[in-house]
Every structure is written in structure tokens, then in C-alpha cells.
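Every position in the sequence shown, counted from 1, becomes a number in my numbering once 2 is added. The C-beta atom is built at its ideal place from N, Cα and C for all residues, glycine as well. Predicted model, so just to flag it, every value in this text is computed and none were measured. Here is the structure we will look at, set down as C-alpha cells.
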Amino acid sequence: MRSEEEQAVLEQQAHAHMMRMQEAADRSFSYDDRGMVISYCAYIEETLEEVILRRLVDCKQARDLLQKPGGAISEFYARARMARALGCIDDQDLADLKIMASIRNKAAHSWQPFDFEERPISDMARNMSQARYLVPENNTRRLQFAKRATELLLTIGLLSFWTDRPLGNGTFMLQRIDQIAFEVRLVPRASTET
3 MRSEEEQAVL EQQAHAHMMR MQEAADRSFS YDDRGMVISY CAYIEETLEE
53 VILRRLVDCK QARDLLQKPG GAISEFYARA RMARALGCID DQDLADLKIM
103 ASIRNKAAHS WQPFDFEERP ISDMARNMSQ ARYLVPENNT RRLQFAKRAT
153 ELLLTIGLLS FWTDRPLGNG TFMLQRIDQI AFEVRLVPRA STET
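Following this line, the structure appears as C-alpha cells:
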């Protein structure tokens, strides 16, 4: 059990995390489709690393697993699977992160034009779940990706502030996140205008 002082510090850290991630989301959304995907995924990958490191023993071996090239959990989807194994995300989040990893790979490893409204990217984005927050009826695939990526970026990090134990089978602290969602938008600023 945390003291009131410890809880207050965690609340401040969580709020600072949300503000930092909101800035990251705004920056990512300002890029073209390819840049947006690569940027969002880089932020999510970094957030997954931070969350996993918080749950592992602070030692060289843990850091090497995550940070050393070729480390067992040094890549995006490996980190997502580890986050699921640690109870930091649920099965739907993992499925969406797998799709994001595939979209990111298409964006990063092709010289072909990259557009969310073209196949196969539009098909992959269509298979992602809808964001829980601020979802207008007529989302473009780009906006759907951005909203879900922003939500994952924020919630993955936030959940790690409020619990030191696994979250079980997707039993998330959504009421607490809902409270904070009113303080900080969970979507890029530009997307609220559509």
C-alpha cells in the first residue's frame, strides 16, 4: 500500500507522462502517413521498454535484453509480447500492436508510396480495434491508427504508474484512465477537428 505522499508523486509523474506522450502524439500526427507510423511506433516501443524495465530487476542483464542489438526483447513486437506476459497489456492490445508492427515494417522497408487509404495498409488498419476515446463516426484509416496508437501510448505508460503487479486478463484500471482522459486529450489535436 502506498502512502498519500507516494501516491501524490505517482499522480504527478503520471500527469507528466501524459503531457509528454500527448506532445509526442501531436508531433507524430503532423507527419505524412509513413512518418506518422514510424514516429508513433518508435514512441510506443520506447514506452514498452520503460514499462518492462520497471518490472524487471535493475541489472545489466535486464537492460541488455531490451537495449542491446539482438537482445531477446529489443524489437517492437518482442517487447509487446513481453508486456503481455507481464500483464501490462491485454490480448486486444497485443493484437493491435502486432498489426502496428506490420504496418510500421511496411512503412520503413519499402520505397513504394505509403498511404493509409491504399491496400494492403488500409486492410491492416481496418483490423485494428477502435480507440475507446473520442471516436467520431467517419474515421479515416490514418485517424483510426493515430487514435489507437495514441491511446496505447498513453495507457501502457499510465498503467505502469498505478500498479506494481500484473494486471491479469485485461483487467485494466479504465475508470482511473477515464478520469484523466478528461484532463488530457487522448487523441492528436488535429484529429479532433474531423
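Would you kindly work out how many angstroms separate the C-alpha atoms of Met21 and Leu156, rounded to a whole number?
Roughly 9 Å separates the two Cα atoms.
List the endpoints of the continuous alpha helix (DSSP H) containing Val11.
Glu6 to Phe31
Which of the three DSSP states is assigned to Met130 in this structure?
coil
How far does the alpha helix (DSSP H) with Arg121 in it extend, from its first residue to its last?
Careful: Arg121 lies outside any alpha helix (DSSP H) and carries neither H nor E.
Under the rule that 16 or more other beta-carbon atoms within 10 Å means buried, what is Ser5, buried or exposed?
exposed
Excluding the 5 residues flanking Leu50 on each side, which residues of the same chain have their C-beta closer than 7 Å to its C-beta?
Arg81, Ala82, Ala85 and Ile158
Under a three-way DSSP split, which group does Leu67 fall into?
helix
Residues in its own chain within less than 7 Å of Ser124 by CB, not counting five upstream and five downstream?
Phe118 and Arg143
Report the rounded CA-to-CA distance for His17 versus Gln9, giving the unit in angstroms.
12 Å
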